[in-house]
Amino acid sequence: QLAQAQQMLADKDYQAALETLRPAYKDSEQRYDVALSLAFTLIEMNRCDEAQTVMDAIALVDREAHYDRLLSSLELKREAGKSPEIQALEEQLKNDPDNLQLAYQLALQFNQNNQFKEALDLLLAVVKADKEFQEGAAKKAFLDVLASMGKGEPLAVEYQRKFFNMLY
Numbered sequence: 220q221l222a223q224a225q226q227m228l229a230d231k232d233y234q235a236a237l238e239t240l241r242p243a244y245k246d247s248e249q250r251y252d253v254a255l256s257l258a259f260t261l262i263e264m265n266r267c268d269e270a271q272t273v274m275d276a277i278a279l280v281d282r283e284a285h286y287d288r289l290l291s292s293l294e295l296k297r298e299a300g301k302s303p304e305i306q307a308l309e310e311q312l313k314n315d316p317d318n319l320q321l322a323y324q325l326a327l328q329f330n331q332n333n334q335f336k337e338a339l340d341l342l343l344a345v346v347k348a349d350k351e352f353q354e355g356a357a358k359k360a361f362l363d364v365l366a367s368m369g370k371g372e373p374l375a376v377e378y379q380r381k382f383f384n385m386l387y
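In structure tokens:
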């Protein structure tokens with residue numbers, strides 16, 4: 220599976236590599252080489268929080284030069300992911316934390332940058348504050364983000380649960 224995933228990575232088919240590496244990571248009981256490939260894939264897909272979670276699970280004794288390079292890439296990707304639009308919206312939201320319109324716009328920006336966790340957190344907060352925000356636009360956007368992540372995606376499953384617990 221790892222060799223197959225590495226070929227997919229070489230071909231820059233990150234989605235297919237992710238779908239191959241997730242079960243391999245689980246089945247191998249989080250083996251180091253599989254973990255690094257999974258983290259690399261997530262970083263390339265701009266899914267920094269998930270990559271961080273995988274990297275945090277790597278045992279201290281296994282952390283070496285390749286790990287350090289990936290960690291640096293992760294930090295650079297995070298910084299690059301903060302577009303001027305996102306930075307401006309974050310600043311505005313910090314000054315006006317109850318502004319649902321700003322939170323909604325920032326969530327949409329996060330989603331465009333594949334920062335799904337941040338997008339889902341904000342959309343969940345908007346829906347929690349106003350279930351019918353913009354005639355259900357936040358609810359629809361939340362479900363669209365989940366759908367775009369694909370079935371069985373752990374983050375999607377977690378947020379789907381949070382969403383339905385909040386609604387019902």
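FYI, the numbering for the sequence shown is 220 to 387, going by the numbering used here.
Even glycine gets a Cβ: it sits at the ideal position worked out from N, Cα and C.
- With contact defined as three or more Cβ pairs closer than 8 Å, the stretch 355-363 and the stretch 318-329 are in contact.
- Closest option to Leu365, judged by alpha-carbon separation, among Asn265, Ala222, Leu342 and Ser292: Leu342.
- Proximity of the stretch 248-263 to the stretch 276-283 meets the contact definition, three or more beta-carbon pairs being nearer than 8 Å.
- Separation of the CB atoms of Asn265 and Lys296 is rounded to 6 Å, and the pair is thereby assigned contact status at 8 Å.
- Beyond the five residues adjoining it in sequence on each side, Glu309 comes within less than 7 Å, by CB distance, of Leu325 in the same chain, given in chain order.
- Listed in chain order, the non-local C-beta contacts of Leu261 below 6 Å within the same chain comprise Glu269 and Ala270, local neighbours out to five positions each way being set aside.
- When Ala344, Gln353, Arg288 and Ala375 are compared, the shortest CA-CA separation from Met385 is found for Ala344.
- Phe383 counts as exposed, since fewer than 16 other beta carbons sit within 10 angstroms of its beta carbon.
- Taking 4 residues as the shortest admissible run, the stretch 324-362 contains the following complete alpha helix (DSSP H) segments, listed from N- to C-terminal end: 335-348.
- For Arg380, the enclosing alpha helix (DSSP H) stretches over residues Pro373 to Leu386.
- For Lys296, the three-state secondary structure derived from DSSP is helix.
- Under the three-state reduction of DSSP, Glu263 is assigned to helix.
- In this structure, the beta-carbon distance from Gln220 to Thr239 falls below 7 Å.
- The DSSP-derived three-state label of Ser367 is helix.
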